[in-house]
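Colleague: Chains as they are written, first to last, in this note's numbering: chain A, 165 to 267; chain B, 9 to 173; chain C, 34 to 420.
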Amino acid sequence: MTPLAAYLLLSALLFAIGLAGALTRRNAIIVLIGIELMLNAANLNFIAFWRFGPNPEALTGVVFVLFSIGVAAAEAAVGLALILSIYRHYRTTNLEQVDSLKG
Amino acid sequence: MTAPIAIIAVLTLAAAVTAMSLRNLVHCALMFMAALAGVAALYLGLGAQFVGFAQVLIYFGAVAILIVFAILLTRGTEPPREPILSKAWITGIAIAVVVFGVLSAMVLSSKALTREPGPTPQLPVHQLGAQLMTKYVLPLEVIGLLLTAALIGAVVIAMHDEEGG
Amino acid sequence: MDQLLVTLKHWLVGLVPSQYAPFFSALLSVGAIAVVFPALFALTTLLERKGLGRIQNRYGPNRVGPYGLLQPIADGLKALTKEDIVPRPADKVVHFLAPLVLVVPVFLALAVVPMGRHMTALDMNAGVLFFFAAGAATELSVFMAGWSSRNKYSLLGAMRAIAQMISYEVPLILASVAAIMAAGSLSTTQIVEAQAGYWGCVPRWFVLTPWGFAGFILFMVAATAESNRSPFDLPEGESELVAGYYTEYTGFKFALFFLGEYLGLFAVSGLGITLFLGGWHAPLPALEWIPSWAWFFAKLLVLIAGFIWIRGTLPRLRIDQLMGLAWKFMLPMALVNIGVAGLWRFMPGGWERWIVCALCVGAAYLLLGGLLSGGKVFAKRVYRYAD
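1. Counting contacts by CB-CB distance shorter than 8 Å, is Trp180(C) in contact with chain B?
2. Could you pull out every residue in the same chain whose Cβ sits closer than 7 Å to the Cβ of Leu141(C), ignoring the five residues on either side in sequence?
3. Looking at the C-beta of Pro129(B), does it have a partner C-beta in chain C at a distance below 8 Å?
4. What residues from chain B crowd round Ala292(C), counting only those whose CB sits closer than 7 Å?
5. Leaving out five residues before and five after Gly427(C) in sequence, what residues of the same chain have Cβ atoms less than 7 Å from its Cβ?
6. So Tyr295(C) is in the alpha helix (DSSP H); what residue range does that whole segment cover?
7. Check the DSSP bridge columns for Arg189(A) and list the partner residues they point to.
8. Going by DSSP, what residue range makes up the alpha helix (DSSP H) through Lys42(C)?
9. Tyr418(C) lies in the alpha helix (DSSP H); which residues open and close that run?
10. Pull up the distance between the alpha-carbon of Val452(C) and that of Thr307(C), whole angstroms please.
11. Could you list which residues in chain B have their beta carbon closer than 9 Å to that of Ile193(A), in chain order?
12. For the alpha helix (DSSP H) holding Asp266(C), just list the boundary residues, first then last.
13. Could you give the first and the last residue of the continuous alpha helix (DSSP H) run that contains Arg378(C)?
14. Could you tell me whether any Cβ in chain A is nearer than 8 Å to the Cβ of Gly172(B)?
15. Counting only C-beta atoms, is Lys266(A) closer than 8 Å to chain B at any point?
16. Could you check whether the segment 141-158 of chain B touches the segment 293-306 of chain C, counting it as contact only if at least three pairs of C-beta atoms, one from each stretch, sit closer than 8 Å?
17. Let me confirm a value: Phe61(B) is counted as buried when at least 16 other C-beta atoms fall within 10 Å, else exposed. Which label applies?
18. From Gly217(A), Leu248(A), Ala212(A), Ile211(A), pick the residue whose C-alpha is nearest to that of His168(B); which is it?
19. Determine, for Val133(B), whether the minimum Cβ-Cβ distance to residues of chain C falls below 8 Å.
20. Counting Cβ pairs, one atom from each stretch, are 3 or more of them under 8 Å apart for the segment 183-190 of chain C and the segment 356-371 of chain C?
21. Which residues in chain B sit within 7 Å of Ala159(C), going by Cβ to Cβ distance?
22. Assuming Met148(C) is part of the alpha helix (DSSP H), what are its boundary residues?
23. Mapping the DSSP letters down to three states, classify Val235(C) as helix, strand or coil.
24. Assuming Ala56(B) contacts Ile211(A) under a Cβ cut-off of 8 Å, what Cβ separation, rounded to an integer in Å, is found between them?
25. Is the shortest distance between the beta-carbon of Val64(B) and the beta-carbons of chain C less than 8 Å?
26. Using a Cβ-Cβ cutoff of less than 6 Å, which residues in the same chain neighbour Ala54(C) once the five nearest sequence positions on both sides are dropped?
27. Is Leu208(A) buried or exposed, if buried means 16 or more other CB atoms sit within 10 Å of its CB?
28. So, are the CB atoms of Gly357(C) and Leu405(C) less than 8 Å apart?
29. What is the rounded straight-line gap between the Cα of Met157(C) and the Cα of Val146(C)?
30. So, Phe231(A) versus Pro129(B), is the Cβ gap smaller than 8 Å?
31. With a threshold of 8 Å between beta carbons, is Ala22(B) in contact with chain C?
32. Is there a Cβ from chain C that is less than 8 Å from the Cβ of Gly152(B)?
33. Can we say the segment 35-50 of chain B touches the segment 9-17 of chain B, given the rule of at least three CB pairs closer than 8 Å?
34. Count the other CB atoms within 10 Å of the CB of Cys393(C); is the residue buried (16 or more) or exposed (fewer)?
35. What is the DSSP secondary structure of Gly172(B), reduced to helix, strand or coil?
36. So Ile247(A) contacts chain B; which residues on that side make the cut at Cβ distance below 8 Å?
Below, the structure is given as structure tokens:
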């Protein structure tokens, strides 16, 4: 197994863990943490391809990851603001109780 | 992959699993930070120093604090011992296992990944800066706009409503 | 004399078989930092107490040795032998780890500061970014300390401390961006080399330019706020919050927090010296025979004396005044400073660029200061001295 395949498997495993957490937990903040973990796994993928790929001088992977980290931070900020606003209305962060649009 | 990197990878995965499965929210957030530190160490091991330091600066210095503040502001009274997993948790775990299975099957069977790796590429910071200012200047400006929009949006969403609103 | 320590290190590394040489060399650098800076910390605690005492018209500690010189040893022994109390509802693992999470990143940050010619422990391409990343990691320890104590006052102090630290991190980084722009590199050794040379007999330090002077003042004010030192020590205000986020820490853990705070002060002063005060360069060509590390530590001691002086003199800022200062004054001022640094770089040398840049900086200062104080005019302060 080449080092590139090892890093890709690692990032796939990290992605699956984040996905499992985002799909199974009830608390909205833990779901957000799972989403951030998925984004980090994707970034690791990019850096692994930059390092072991055919053209590392173009710096494409590194620049993409920088922008991805910036976007992830902005998305975390807006997501947490939304969670705060929902908490203020429903008095809970439990996603199963925030269901007024259901059915 | 040398031994230190393998150890860091195992620790990162363990921290991620713990982060997704603890009951105490603050412990989850701290384990998540440990997982991110592990990912930053992996970036340093791959030779992308600027990205590793930027990851620590942004995630530890900003996102960690955001998550922690949000946990503290949404606690209310401590709830009774309700289950931490939602009712459809088996479906969620099944989906995650299927996704991992598909990805790993793709990775292990691809012929493009059997190429030998070249020498470690250098990442001089001034070259990164020059590329950001010439080839990638449009994404740079757009992300500035996006961060401003996110900042204003987050403030507007989380502001206290006016009385009667 | 200048390269005494470097040649000593090379000789010691030469004694070890060559496959262990890099490891041994790193161990020596780390060991040197781990010995010198805690010793400087002990000296600073004594200097601070005596300095504050003299400002307040009294002697400092003077019983334990000649002029109180053995006081830090007495303090260290006391901290080590005190009973280690952990509150019963406290979160034991997080409570234990918080001082470690404070001290380790601060030691990492000290590794990129150049302390003499060829005397940087870690010479990296992105040294200044590494420094700020290590500084960001210390904020997490503040939260861990405050939350794990299960104490309302600790949590409140921790929240205030974190809000203050993230607010002042932005002007700190922006003020250093101006110096990085002028030097053209993020590597600390290259920034020091960009300040070599003299204009006649005036050294080429960045602090002696209009934008460098404003940047240095901004950097030092933000550094004072980052270390939670007076006049920004509301999070640990002794008259309000007992001791803020480290209320529930006793004995050695408290000493570790103290160590972490003072080492953070040394690290950020060291970075200020590197970015603005010319690192280890001598101020006059005639004085270059004094070794470079002596100049670095002399400048560090001058900055520490400045911090102690300010602590003894200025009253504490309220939390809203503190936040207003960071966001409404220092952030726009730092942005204007970056613009002026760019202007300085592209204007031809001579007296015009001094006048233009000084006018820009001065006008921004007066405008923003007027906006911050809301146009209020304060009466002149009157002092009464004790007889």
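All C-beta atoms, glycine included, are put in the ideal place defined by N, C-alpha and C.
Modeller: Taking the geometry as given:
1. yes
2. Ala167
3. Residue-level contact by beta carbon fails for Pro129(B) and chain C, as no gap is shorter than 8 Å.
4. The question names Ala, but residue 292(C) in the sequence shown is Leu. What Leu292(C) touches in chain B: nothing, since even the nearest Cβ is about 21 Å away.
5. In this structure chain C extends from 34 to 420, so residue 427(C) is not present and cannot be described.
6. 284-308
7. Leu93(B)
8. 37-47
9. Note, Tyr418(C): premise wrong, no alpha helix (DSSP H); not H, not E.
10. Look at the range of chain C in this structure, 34 to 420, and you will see that residue 452(C) is not part of it.
11. Within 9 Å Cβ-Cβ: Leu33, Cys36, Ala37, Ile75, Ala78, Ile79, Thr82.
12. Segment: none, Asp266(C) is in no alpha helix (DSSP H) and carries neither H nor E.
13. 364-379
14. Any reading at Gly172(B) is ruled out, since the residue's pLDDT is 43, under 50, leaving its predicted position unreliable.
15. no
16. no
17. Classification of Phe61(B): buried, given that the 10 Å Cβ count is 16 or more.
18. Leu248(A)
19. Among the CB atoms of chain C, one or more fall inside 8 Å of the CB of Val133(B).
20. no
21. Gln57, Phe58, Phe61, Val133
22. No alpha helix (DSSP H) holds Met148(C); DSSP gives it neither H nor E.
23. strand
24. Their Cβ separation, rounded to whole angstroms, is 5 Å, which keeps Ala56(B) and Ile211(A) in contact under 8 Å.
25. Cβ-Cβ to chain C under 8 Å: yes for Val64(B).
26. Short of 6 Å from the beta carbon of Ala54(C), and not among the five residues preceding or following it, lie these beta carbons of its own chain, in chain order: Val46.
27. buried
28. Contact flag set, yes.
29. 11 Å
30. no
31. no
32. no
33. yes
34. buried
35. Caution is warranted here: a pLDDT of 43 is assigned to Gly172(B), below 50, making its placement in the model unreliable, and the coordinate value is therefore given only provisionally. Coil, per DSSP.
36. Under the 8 Å cutoff, chain B gives Ala78, Thr82.
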